[in-house]
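Residue numbers (the working numbering): 1109 to 1423. For glycine and all other residues, C-beta sits at the position ideal for the given N, C-alpha and C. Structure first, commentary second.
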Ligand SMILES: Nc1nc2c(ncn2[C@@H]2O[C@H](COP(=O)(O)OP(=O)(O)OP(=O)(O)O)[C@@H](O)[C@H]2O)c(=O)[nH]1
Ligand SMILES: [Mg+2]
C-alpha cells in the first residue's frame, strides 16, 4: 500500500499587511486587474465607463504579505449625485490606503499612443502623501513594446512614483512583478483578515452586481447608467439560495428594453447572472428578477441610501 499523501506545506506566517487602493479613470481596467490578482471573477467588468460604483475589498496573499486590494469607481466628471458619491468612494479609498496604484492605459489616436489629458489632472492631487505606483495597463495592445517608453517617461514626469509597472490585466502579464513591488511597501504587522476571507461584501451584493453586469453587456447608451439592482430577498436553504431582485430603471421607456420580446431579455439577464452567482458561491441559485421604474433615483439622497450607495460619504 502506498503511504498517505503528505498534507500541503503550511504557508509562511503573515509578516506584512495593508490596504492598496486602485484608482484611475473609468475603463482603464482596475476591476479586471482586481479579478486577475484575486484569481476570481469577483468585480464586474464591461466596456461601458462607470461600471464600478462601489469600493470593493479583495484580499490577496503574496508570500508573507496580505494585500487588501480596493477596487474603486473610475474618477470622472460627475453628472449626478450618484457620480459624486462614486468619486467620493474612490477618493476615500485613497485616504484609507497604505499604498496607491494609479492605474491607466494608453490612448490610441490613429497609429500614435498618448497619455490621457484626464491623467494629468488626476495626478496633480491623487495619493500625494503616500507611496504611489504607476500601473500602465493594456500593454497587450501595444506593439512594439518600445512604444511604451515615451509614455512611461511622460507619466513619470508628471509626479514622482515609487515604481512604474507596465502590465496587461487581461493577459495576466506583469502581475507577479506588480505584487512584488507592492508587498515591501506595506506595513510590518500580522494578518488583518482571516485566511479564507476574499472580500468584505456579502454574496447578495455580488448577485446584484452580476445582474447589472449583464445589463451593461446587453444594453446600450443611457440604459446602463439609469439602472440599479437591489436584492429584495435572499433565503438560503441547505440545497440552494433563493434570491429575488428588482432592477430599478430611471425611465418608463427603459422598461421594455430590459424585458425584451415576451420577457426574453430579462430571462437572458437572469440566466447569465445566476450562472455567475453559482460559480462564485459554489451553490445552486434560484434567481427571480423584477423591473420597476424609480424616476430620478440617481439624484435622490434617500433612494441612493436605500439602494446602498451612500456609505457615509458626503458628496
Ligand atoms: N486589451 C485589454 N483590455 C483590457 C485589459 N484590462 C481591461 N480591459 C478591458 O477594458 C474594459 C474596461 O475594464 P474594467 O476592468 O471594467 O475597467 P475599470 O477601470 O474597472 O472601469 P470602471 O469600473 O468603469 O472605472 C473591459 O472591456 C476590459 O475587458 C487589458 O489588459 N488589455
Ligand atoms: Mg471597475
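Whole-angstrom distance between residue 1162 and residue 1304, CA atom to CA atom:
The alpha-carbon atoms of residue 1304 and residue 1162 are separated by roughly 22 Å.
Out of 1211, 1247, 1262, which has the shortest C-alpha to C-alpha gap to residue 1241?
Nearest option by C-alpha distance: 1211.
State yes or no: is the C-beta of residue 1138 nearer than 7 Å to some heavy atom of ligand 2?
At least one heavy atom of ligand 2 is nearer than 7 Å to the Cβ of residue 1138, so yes.
Heavy atom of ligand 2 within 7 Å of residue 1129 beta-carbon
Taking 7 Å as the cut-off, the C-beta of residue 1129 does not count as close to any heavy atom of ligand 2.
Comparing C-alpha positions only, which one of 1173, 1254, 1316 sits nearest to residue 1121?
When each option's Cα is compared against that of residue 1121, the closest is 1173.
Comparing alpha-carbon positions, which option in 1207, 1183, 1140 lies nearest residue 1129?
Put simply, of 1207, 1183, 1140 the residue whose alpha carbon is nearest the alpha carbon of residue 1129 is 1207.
C-beta atoms of residue 1355 and residue 1331 nearer than 8 Å
No, the Cβ-Cβ distance between residue 1355 and residue 1331 is not below 8 Å.
Can you tell me whether residue 1317 is buried or exposed? The criterion is at least 16 other CB atoms within 10 Å of its CB, across all chains shown.
Under the 10 Å beta carbon count, residue 1317 is surrounded by 16 or more other beta carbons and is classified as buried.
For residue 1198, collect the residues of the same chain with a Cβ closer than 6 Å to its Cβ; drop the 5 residues on either side in sequence, then sort them by chain order.
Excluding positions up to five away in sequence, the list reads 1131, 1180, 1181, 1183.
Rounded separation between residue 1421 and residue 1406 - CA only:
For residue 1421, the predicted model reports a pLDDT of 49, less than 50, meaning its position is unreliable; a value from the coordinates is still stated below. Rounded to whole angstroms, the separation of the alpha carbons of residue 1406 and residue 1421 is 15 Å.
Quick one, which of 1215, 1160, 1299 has its alpha-carbon nearest residue 1195's?
Nearest Cα to residue 1195 within the set 1215, 1160, 1299: 1160.
Residue burial classification, residue 1314 (beta-carbon count within 10 angstroms, cutoff 16):
It is buried - the Cβ of residue 1314 has at least 16 other Cβ atoms within 10 Å.
Using a threshold of 8 Å, state whether the C-beta atoms of residue 1243 and residue 1275 are closer than that.
Yes, the Cβ-Cβ distance between residue 1243 and residue 1275 is below 8 Å.
Indicate whether residue 1389 and residue 1349 have their beta-carbon atoms separated by less than 8 Å.
Yes. Within cutoff.
Please tell me whether residue 1144 and residue 1280 are closer than 8 Å, where the distance is taken between their beta carbons.
Yes, these two residues count as a Cβ contact at 8 Å.
Find out if the Cβ-Cβ distance for the pair residue 1297, residue 1270 is shorter than 8 Å.
In this structure, residue 1270 does not lie closer than 8 Å to residue 1297 by Cβ.
For ligand 2, I want to know if residue 1173 counts as a neighbour, meaning its beta carbon is within less than 7 Å of at least one of the ligand's heavy atoms.
Because no heavy atom of ligand 2 lies under 7 Å away, the Cβ of residue 1173 does not count as near it: no.
Just confirm the distance between the C-beta atoms of residue 1393 and residue 1382, as a whole number of angstroms; I'd bet it's less than 8 Å.
Sure, about 5 Å apart at Cβ, within 8 Å.
Where does residue 1422 sit, in a helix, a strand or coil, going by DSSP?
Caution applies to residue 1422, whose pLDDT of 45 falls short of 50 and renders its modelled position unreliable; the value that the coordinates give is listed next. Coil at residue 1422, not helix or strand.
Length of the line joining the Cα atoms of residue 1125 and residue 1288
For residue 1125 and residue 1288, the distance between alpha carbons rounds to 13 Å.
Other residues of its chain near residue 1384: CB distance less than 6 Å, five sequence neighbours each side excluded
Taken in chain order, the residues that qualify are 1318.
Would you say the beta carbon of residue 1163 is closer than 7 Å to some non-hydrogen atom of ligand 1?
With a cutoff of 7 Å, residue 1163 does not count as near ligand 1, since its C-beta is closer than that to no heavy atom of the ligand.
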